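According to our numbering, the residues represented by the sequence shown are 96 to 281, in order. Glycine included, each C-beta is placed from N, C-alpha and C at the ideal position. Keep in mind that this is a model prediction, so the values were computed, not measured. Here's the structure, in structure tokens; my notes come after.
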Amino acid sequence: MKMKTRVCWALLLIFLPGIAASASGQTPVTQPLGNARSPDQHYEWRVRTDNPVRYELTELPGTRVLATVKDYFWDQGQGLAARHAIRATIRWNATSSLVALDEFNYRRAGRLWVFRLKDNQAHPIPFESATTPLMHTTEKRFCLAEGWRSPTLLSLRLAARLTSGEVISLPYLLDLEEPTHPKVMR
Numbered sequence: 096m097k098m099k100t101r102v103c104w105a106l107l108l109i110f111l112p113g114i115a116a117s118a119s120g121q122t123p124v125t126q127p128l129g130n131a132r133s134p135d136q137h138y139e140w141r142v143r144t145d146n147p148v149r150y151e152l153t154e155l156p157g158t159r160v161l162a163t164v165k166d167y168f169w170d171q172g173q174g175l176a177a178r179h180a181i182r183a184t185i186r187w188n189a190t191s192s193l194v195a196l197d198e199f200n201y202r203r204a205g206r207l208w209v210f211r212l213k214d215n216q217a218h219p220i221p222f223e224s225a226t227t228p229l230m231h232t233t234e235k236r237f238c239l240a241e242g243w244r245s246p247t248l249l250s251l252r253l254a255a256r257l258t259s260g261e262v263i264s265l266p267y268l269l270d271l272e273e274p275t276h277p278k279v280m281r
């Protein structure tokens, strides 16, 4: 029980300055969980907790923002969005040319974003349309599974709730050999 209390106090001490800065009009920036910095140390994901809460892919060593993604919960209150934003999972491929940002990987909330980095620009890769639609679902989303199996092959899972109420999880692979034409395979 004492350990849980210590963890709660530690989390409060971590987030209290960001919440206070946010209330005072400052724009706090915190690091998300996961591997925020690319393997080549040229890029980093940051969570901005001012309104709207968002993720920013930043070029290092400066602060040039290459991509911005609003947090899934951005419209449900700044406090809720900020609490969930730090739960993001980030997976870089070994060459730092592809990165996956999985927001709040819990149940079917959040979204999976994949970006290609080329010529100091970040290009989002829309891949959901490359799949065969799963019939009879009320909720579904792709999530990260094991991560990168090779520099261009990402392991995913599809989390879905069927109209019957059953919850399923199906394995997929996202092939990004040609990032402009991604392939999603089961």
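Between the options, which lies nearest to residue i when the distance is taken from Cα to Cα?
i: E223; options: Y138, P277, D166; result: P277
i: E241; options: H231, A195, A225, T190; result: A195
i: L253; options: R206, G260, P274, W243; result: R206
i: L269; options: T158, L193, N215; result: L193
i: A183; options: A204, G174, E272, G172; result: A204
i: I284; options: W243, R141, Q136, K235; result: A query on residue 284 cannot be resolved here, the shown segment of the chain reaching from 96 to 281 and no further.
i: G157; options: Q171, Q136, G172; result: Q136
i: D145; options: Q173, R132, E139, Y138; result: Q173
Assuming residue i and residue j are in contact, meaning their beta carbons sit under 8 angstroms apart, how far apart are those beta carbons, in whole angstroms?
i: L152; j: A162; result: 4 angstroms
i: I185; j: N130; result: 5 angstroms
i: T226; j: V164; result: Wrong, their Cβ atoms sit about 21 angstroms apart, outside the cutoff.
i: T258; j: H231; result: 5 angstroms
i: L239; j: D197; result: 4 angstroms
i: F237; j: L248; result: Incorrect: roughly 15 angstroms between the Cβ atoms, too far for contact.
What residues in its chain sit with their C-beta under 6 angstroms from that of residue i, if we drop five residues either side in the sequence?
i: V262; result: R256
i: V160; result: E151, T153
i: A217; result: L152, L161, A162, F210
i: P147; result: K165, W169
i: R281; result: Y267
i: A176; result: V148, D166, F168, W169
Which two residues bound the contiguous beta strand (DSSP E) that contains residue i?
i: A204; result: Taken as a continuous stretch (DSSP letters only), A204 belongs to no beta strand (DSSP E), as it is neither H nor E.
i: A131; result: Careful: A131 lies outside any beta strand (DSSP E) and carries neither H nor E.
i: A189; result: Element bounds for A189: n/a, residue is neither H nor E.
Who are the Cβ neighbours of residue i in its own chain at under 7 angstroms, not counting the five residues just before and after it?
i: P134; result: W187, A189, S191
Spatial neighbours of residue i within its chain, please: C-beta separation below 8 angstroms, excluding the five flanking residues on both sides.
i: D214; result: none
i: P246; result: N188, A189, T190, S192, L193
i: E273; result: none
* Can you list the beta strand (DSSP E) stretches of 3 or more residues lying completely in the segment 217–273, in chain order? -> 232–245, 248–257, 262–270
* Segments of 4+ residues assigned as alpha helix (DSSP H) that fall wholly inside the segment 143–185 -> 173–180
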